[in-house]
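With the working numbering as the guide, the letters of the sequence shown map in order to residues 11 to 250.
Glycine included, each C-beta is placed from N, C-alpha and C at the ideal position.
Okay, structure first, notes after.
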Amino acid sequence: MSLHDIKTPKYITPCPIEEAALELRFQPNLPVDIILGMVFKGLEGYSNLTKLPILQLPEFIRESDPNLIYSPYYKLEKDSFVLQIGPRILSFVCLRDYVGWENFYGEFTRILKVYSDLNIFDHVEKIGLRYIDFFPEVNVFEKINIKLSYDETIFSKGSRFLKQEFTKDDFSVAISINDSAKFNDQTGSMIDIDVMSNNVASMDDIKGSLEKAHDYEKIFFFSLLEQNFLNSLNPTYEKG
Numbered sequence: 011m012s013l014h015d016i017k018t019p020k021y022i023t024p025c026p027i028e029e030a031a032l033e034l035r036f037q038p039n040l041p042v043d044i045i046l047g048m049v050f051k052g053l054e055g056y057s058n059l060t061k062l063p064i065l066q067l068p069e070f071i072r073e074s075d076p077n078l079i080y081s082p083y084y085k086l087e088k089d090s091f092v093l094q095i096g097p098r099i100l101s102f103v104c105l106r107d108y109v110g111w112e113n114f115y116g117e118f119t120r121i122l123k124v125y126s127d128l129n130i131f132d133h134v135e136k137i138g139l140r141y142i143d144f145f146p147e148v149n150v151f152e153k154i155n156i157k158l159s160y161d162e163t164i165f166s167k168g169s170r171f172l173k174q175e176f177t178k179d180d181f182s183v184a185i186s187i188n189d190s191a192k193f194n195d196q197t198g199s200m201i202d203i204d205v206m207s208n209n210v211a212s213m214d215d216i217k218g219s220l221e222k223a224h225d226y227e228k229i230f231f232f233s234l235l236e237q238n239f240l241n242s243l244n245p246t247y248e249k250g
């Protein structure tokens, strides 16, 4: 059976998604100092403009430090969306009240069109899609299709963290699982899946890669869950 033959639910309830993030890194086609002002004029519905701490650093440091050049400079908000923008990065996040892929991706493509219409991209270097799922008061290692065993007479039982990195087609995938995560004063388990691609050359490539990354993210996530655990999450499938 191939990955694409795996049947995944359209959604589960309650929705465990604490954060969904789309990220695009690029080299600009325009001078850095005018990009941000142009983007602000093209955005609608976003408010609460916040300058991020990186702007406290001198410009020559921001532009020369490889650890900083892809950092966002400003943050804006709209409902459950958080938009972070910088001269070489576009980051779009949905926090907690996840609105579904169609709405999340649809809003991102609207923002992407603003960038495209302004001819801001010289070329795109990387796209990424990341989902963080949280299960309160659950030890997820007892509920997934990955089993860890060790001699408890030697190793004390405590919190566990597992990270797996691999490639699939044009994507780099990082999956992290933690049974001692905390969100909103709750303790539980976290599954963090990050799917990235450097193989994008056009606007159609960006959109197609993000759609494919989303398909893979769902497959990887639901393939992790044991069937009994998945059934307890009230899965709803597409008809047909």
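Assigned exposure category for residue i - 16 Cβ within 10 Å defines buried
{"i": "Phe70", "result": "exposed"}
{"i": "Glu117", "result": "buried"}
{"i": "Ile16", "result": "exposed"}
{"i": "Ala30", "result": "buried"}
{"i": "Met11", "result": "With a pLDDT of only 47 at Met11, under the threshold of 50, the placement of this residue in the model should not be trusted, and no figure is reported."}
{"i": "Asn39", "result": "exposed"}
{"i": "Ser126", "result": "exposed"}
{"i": "Leu46", "result": "exposed"}
{"i": "Leu100", "result": "buried"}
{"i": "Ile201", "result": "buried"}
First and last residue of the uninterrupted beta strand (DSSP E) at residue i
{"i": "Phe36", "result": "27 to 38"}
{"i": "Gly168", "result": "First-last for Gly168: undefined, no H or E at that position."}
{"i": "Ser101", "result": "99 to 105"}
{"i": "Val150", "result": "No beta strand (DSSP E) contains Val150, which DSSP labels as neither H nor E."}
{"i": "Leu93", "result": "91 to 96"}
Cβ separation of residue i and residue j, assumed to be a contact under 8 Å, to the nearest whole Å
{"i": "Leu86", "j": "Ser57", "result": "7 Å"}
{"i": "Leu128", "j": "Met48", "result": "5 Å"}
{"i": "Ala223", "j": "Leu139", "result": "4 Å"}
{"i": "Ile154", "j": "Glu236", "result": "6 Å"}
{"i": "Val134", "j": "Leu34", "result": "6 Å"}
{"i": "Ser90", "j": "Arg72", "result": "Their Cβ separation, rounded to whole angstroms, is 29 Å, which puts Ser90 and Arg72 out of contact at 8 Å."}
{"i": "Val150", "j": "Ile187", "result": "6 Å"}
{"i": "Asp132", "j": "Gln37", "result": "5 Å"}
{"i": "Phe193", "j": "Glu28", "result": "5 Å"}
Residue interval of the alpha helix (DSSP H) (run including residue i)
{"i": "Ile121", "result": "111 to 127"}
CB contact flag (residue i, residue j, <8 Å)
{"i": "Ile95", "j": "Pro76", "result": "no"}
{"i": "Gly198", "j": "Val148", "result": "yes"}
{"i": "Tyr80", "j": "Arg98", "result": "yes"}
{"i": "Ile216", "j": "Ile137", "result": "yes"}
{"i": "Thr23", "j": "Leu243", "result": "yes"}
{"i": "Tyr115", "j": "Leu220", "result": "yes"}
{"i": "Pro334", "j": "Phe171", "result": "Residue 334 is absent from the structure shown; the chain starts at 11 and stops at 250."}
{"i": "Pro19", "j": "Thr246", "result": "yes"}
{"i": "Pro146", "j": "Gln196", "result": "yes"}
{"i": "Ser207", "j": "Asp189", "result": "no"}
{"i": "Leu93", "j": "Ile121", "result": "yes"}
{"i": "Leu240", "j": "Phe231", "result": "no"}
{"i": "Tyr141", "j": "Glu227", "result": "yes"}
Check: residue i C-beta below 7 Å from any heavy atom of the ligand SAH
{"i": "Phe232", "result": "Absence of the ligand SAH is noted for the structure shown, with no ligands found whatsoever."}
- request: Could you tell me which uninterrupted alpha helix (DSSP H) segments, each at least 4 residues in length, are contained entirely in the region 51 to 87, listed from first to last along the chain?
  value: 69 to 74
- request: With a floor of 3 residues, list each beta strand (DSSP E) that falls wholly inside the region 173 to 238, ordered by position along the chain.
  value: 181 to 193, 196 to 207
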